[in-house]
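To start, the structure under review is shown below, and the notes come after it.
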Amino acid sequence: MKTNDSIGVNELKIFLARRLNNAWPITDEHRLATILHPKFRKFKCSSNEKETAINVLKSKFQKHHATISSSCTNPLASKHVVLQSSSSNTTPKPKNLLSQCFDTKVKALGERSNPFQEIDDYFNDESDESFYLYDSSDDIDVLLFWKNHQHLFPILSLLAKEIFAIPASNTIVERLFSSSKNVVTEKRTRLGASKINELLFLRKNLNTLKQLINNSNRKRTLSMSSTITTSSDDSSAKQQRLDTDESLIDCDNMKVFSD
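Under the numbering used here, think of the first position of the sequence shown as 133, with each following residue one higher.
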């Protein structure tokens, strides 16, 4: 509440705050979404929730760290790591767009003396807000922020992807569920769950995927045109040198005949 607010406005704010607390109870997901937002992690508007949010974040952080550590100590996972390190000198094959969407792997993390050092580094990070990227609603693009900082905060970035993937309402889920009836028809009743998931993903993100493919093709075309231009310049320069050499030979022949 502000000091210059009237009595009626203050009473209205108190009433709305009480109604929000009763109708919209704060959950751990709300606390994580707030503390993982770079603008709200200081909890300036609700300092009483900061300590609880930090404890929830540390608990989730430990679970993610234990999951990643157990996957790294798995014999099959260690074998995969050895094979991956042995073939690190070879040039990786380019993945198609679907493989980049569905085949993301988690990198192994080294041990630290302080298990929550990554959280401390996140709170001590004083990045200038002018470097943040904003979306159409004039707010920070949180997912892009964590994508750009995943090399600094690998576990927190994974946790942020899980938290911010939760929809704010059920409308998107209901629309997606309604569109599934156009995928699973009477003639396609034997589709597996993973295949249905991929088909619905493509149906939902088809325009975005088309734009990515068009951008990739445009970059490839530009690189090919620059290569062709360079080769044509080289060939023209070579032809010019050949013409110069032929003219010099003709001059020498004329001198011989004149002599």
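Heads up, the beta-carbon is just placed ideally off N, CA and C, and yes, glycines get one too. Note that the structure is a prediction, hence the values are computed from the model and not measured.
- Taking the Cβ atoms as the reference, PHE175 lies roughly 4 Å from LYS182, within the contact range of under 8 Å.
- When DSSP states are grouped into helix, strand and coil, ILE200 belongs to the helix group.
- In this structure, ALA292 lies near TRP278, with their beta-carbon atoms less than 7 Å apart.
- Between HIS197 and ILE287, the gap from beta carbon to beta carbon is short of 7 Å.
- Counting along the chain, GLN249 sits inside the alpha helix (DSSP H) bounded by residues 249 to 256.
- The C-beta of ARG151 has fewer than 16 other C-beta atoms within 10 Å across all chains shown, which makes the residue exposed.
- When rounded, the separation of the alpha-carbon atoms in ASP137 and LEU144 is 11 Å.
- A distance below 7 Å separates the beta carbons of ILE272 and LYS171.
- Excluding sequence positions up to five before and after VAL274, its CB lies within less than 8 Å of the CB of LEU168, HIS169, PRO170, ALA292 and PHE296, all in the same chain and listed in chain order.
- For VAL141, the enclosing alpha helix (DSSP H) starts and ends at 139 to 155.
- Unbroken alpha helix (DSSP H) stretches of 4 residues or longer found wholly inside the region 290 to 349: 303 to 311 and 325 to 336, given in chain order.
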